[in-house]
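First comes the structure, then the notes that go with it.
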Amino acid sequence: MDQLAIGVDLGGTSIKCALVSRRTGLVHQASRDTEAARGPEVVLDNMAGLIKMMMERAEGPVLGAGVGSPGIINWDRTTVSEPPNLPGWKTVHLGEALSGRIGVPLEVLVENDANAAGLGSAHYGAGKPFDSFIMVTLGTGVGGAIIYQNRIFRGASGGAGELGHMTIDYEGPVDNHDIPGASEAYLGQRFLSAHAARMARQTPDSALNDTIRERGDLEPHLIYQAAVKGDQTALEILEWAGHKLGVLLGSAVNLLDIRKVVVGGGLSAAGDFIFESARTTIRQFVTHGLREGIEIIQEPRGNEVGVLGAAHLVFERVDDAVASSVGD
346 MDQLAIGVDL
356 GGTSIKCALV
366 SRRTGLVHQA
376 SRDTEAARGP
386 EVVLDNMAGL
396 IKMMMERAEG
406 PVLGAGVGSP
416 GIINWDRTTV
426 SEPPNLPGWK
436 TVHLGEALSG
446 RIGVPLEVLV
456 ENDANAAGLG
466 SAHYGAGKPF
476 DSFIMVTLGT
486 GVGGAIIYQN
496 RIFRGASGGA
506 GELGHMTIDY
516 EGPVDNHDIP
526 GASEAYLGQR
536 FLSAHAARMA
546 RQTPDSALND
556 TIRERGDLEP
566 HLIYQAAVKG
576 DQTALEILEW
586 AGHKLGVLLG
596 SAVNLLDIRK
606 VVVGGGLSAA
616 GDFIFESART
626 TIRQFVTHGL
636 REGIEIIQEP
646 RGNEVGVLGA
656 AHLVFERVDD
666 AVASSVGD
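In terms of my numbering, the sequence shown is residues 346 to 673.
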């Protein structure tokens with residue numbers, strides 16, 4: 346018999362929600378603006394509205410809802426604290442807050458958004474062939490997840506996998522957490538865009554300068570578009586980004602002995618413009634005994650893996666409950 350759960354991806358600008366079948370994946374999807382500036386109560390109302398919509402569309406019982414959220418998640422997966430880009434949030438017990446708004450009892454589990462994406466990739470995306478892999482999300486920031494034997498490895502308190510705050514050059518720029526040389530200070534969207542603008546100004550014949558004059562900024566997808574058209578500066582920027590990614594992943598492989606890497610997020614759309622450099626670089630930074638079998642691949646499902654992974658938290662909770670009852 347199939348099982349149904351709801352997955353929510355809570356972001357600073359939009360909330361994505363899906364009804365998910367354990368057997369077939371996405372059944373229904375919807376999204377809406379987060380309206381983060383209006384405060385936590387409005388955001389929670391918006392989340393609850395989407396969850397109710399999915400429950401109404403379900404042709405069977407819904408086992409629960411999972412939420413992928415930025416911020417600090419407690420070990421019990423019930424609360425989120427101080428999520429970035431969500432003003433006014435301190436610590437919110439999402440289960441209690443959402444159940445009251447939905448009007449029916451519904452178990453709500455919350456997990457870090459990058460971890461949710463990793464779990465979604467493991468069961469529905471590019472990570473499915475691998476029992477264990479490292480997930481990297483390249484977007485506004487740099488997120489990470491460690492999937493070990495098809496489950497999220499959470500560390501001692503739930504905070505494992507913060508690849509964006511791993512230092513790749515201790516004399517480098519600081520990230521938003523004041524960590525010198527963190528990978529996010531190179532590969533996060535704001536930092537990468539600033540670096541790209543500096544490189545473009547040094548090469549006046551680059552088409553990227555026209556983009557800067559027209560738009561005032563260089564978002565990663567614009568760099569990728571210029572690279573596709575053969576702009577040499579754009580190609581060099583993406584190669585540089587791939588090198589930084591390879592350095593980061595080399596350290597991660599040395600630490601974890603996990604040799605498969607799945608890369609998602611907006612910057613991953615650049616594909617081999619980044620990955621070729623990353624694949625070359627990673628081998629320079631991995632000890633000889635761990636080089637065999639290294640793979641870096643793109644997650645083609647984009648943001649879908651976030652809601653899929655959030656829903657799969659519920660399916661895992663059901664499995665754990667069954668296993669516990671059998672053990673008793």
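Here a beta-carbon is modelled for each residue, glycine too, at the ideal position from N, C-alpha and C.
Euclidean distance between Cα positions of residue i and residue j
i: Leu355; j: Val372; result: 19 Å
i: Ile491; j: Gln643; result: 16 Å
i: Phe660; j: Arg646; result: 20 Å
i: Pro406; j: Met511; result: 42 Å
i: Thr578; j: Asn554; result: 10 Å
i: Gly394; j: Ile603; result: 40 Å
i: Val365; j: Pro429; result: 27 Å
i: Glu404; j: Val663; result: 19 Å
i: Glu564; j: Ser670; result: 51 Å
i: Val388; j: Asn648; result: 20 Å
i: Ala381; j: Arg543; result: 32 Å
i: Ala530; j: Val487; result: 9 Å
i: Gly610; j: Gly489; result: 11 Å
i: Phe630; j: Ala375; result: 42 Å
i: Arg402; j: Glu386; result: 25 Å
i: Arg446; j: Thr424; result: 16 Å
i: Ser596; j: Leu635; result: 11 Å
i: Asp562; j: Pro549; result: 16 Å
i: Lys574; j: Ser426; result: 43 Å
i: His674; j: Gly384; result: This structure cannot settle anything about residue 674, because the visible part of the chain is limited to 346 through 673.
i: Pro450; j: Ala467; result: 29 Å
i: Val667; j: Leu658; result: 14 Å
i: Gly370; j: Ile351; result: 11 Å
i: Ala461; j: Gly506; result: 12 Å
i: Gln547; j: Glu559; result: 18 Å
i: Lys397; j: Ala442; result: 14 Å
i: Gly503; j: Ser444; result: 24 Å
i: Gly587; j: Asn599; result: 18 Å
i: Asp523; j: Arg377; result: 32 Å
i: Ala541; j: Gly465; result: 31 Å
i: Asp665; j: Trp585; result: 44 Å
i: Tyr493; j: Glu637; result: 19 Å
i: Gly448; j: Tyr515; result: 51 Å
Residues bridged to residue i (per DSSP)
i: Arg718; result: The structure shown does not extend to residue 718, since the chain is modelled only from 346 to 673, so the question has no answer here.
i: Val455; result: Val412
i: Asp354; result: Lys361, Gly413
i: Glu640; result: Lys605
i: Met480; result: Ala490, Val607
i: Ser366; result: Leu349, Gly370
i: Pro432; result: Beta-bridge pairing links Pro432 to no other residue.
i: Val388; result: None; Val388 has no bridge partner.
i: Val407; result: Leu349
i: Pro525; result: Val519
i: Val437; result: Val425
CB contact flag (residue i, residue j, <8 Å)
i: Ile479; j: Leu612; result: no
i: Leu580; j: Phe618; result: yes
i: Gly509; j: Ser528; result: yes
i: Leu408; j: Leu454; result: no
i: Gly411; j: Ala656; result: yes
i: Gly591; j: Thr626; result: yes
i: Leu583; j: Ala623; result: no
i: Ile639; j: Arg628; result: yes
i: Ala545; j: Ile557; result: yes
i: Ile513; j: Lys589; result: yes
i: Asn457; j: Asp476; result: no
i: Ser694; j: Asp520; result: Given that the chain is displayed from residue 346 to residue 673, the structure contains no residue 694 and the question cannot be resolved.
For residue j and residue i, believed in contact at Cβ under 8 Å, the rounded distance
i: Gly463; j: Glu452; result: Not really, about 21 Å apart at Cβ, beyond 8 Å.
i: Arg368; j: Asp347; result: 5 Å
i: Pro525; j: Gly517; result: 6 Å
i: Thr482; j: Ala459; result: 5 Å
i: Val606; j: Leu594; result: 6 Å
i: Val353; j: Met392; result: 6 Å
is_contact[residue i, chain D] using C-beta, thresh 8 Å
i: Val455; result: Absence of chain D from the displayed structure is noted, only one protein chain being present.
- prompt: Taking contact to mean at least 3 C-beta pairs separated by less than 8 Å, is the region 429-439 in contact with the region 397-416?
  reply: The region 429-439 is in contact with the region 397-416.
- prompt: Touch check for the region 419-426 and the region 463-473: three-plus C-beta pairs under 8 Å?
  reply: no
message: Three or more C-beta pairs under 8 Å: does that hold for the region 535-546 against the region 555-572?
response: yes
- request: Spell out a yes or no on whether the region 648-663 and the region 360-367 are touching, meaning 3 or more CB-CB pairs, one atom from each, closer than 8 Å.
  value: yes
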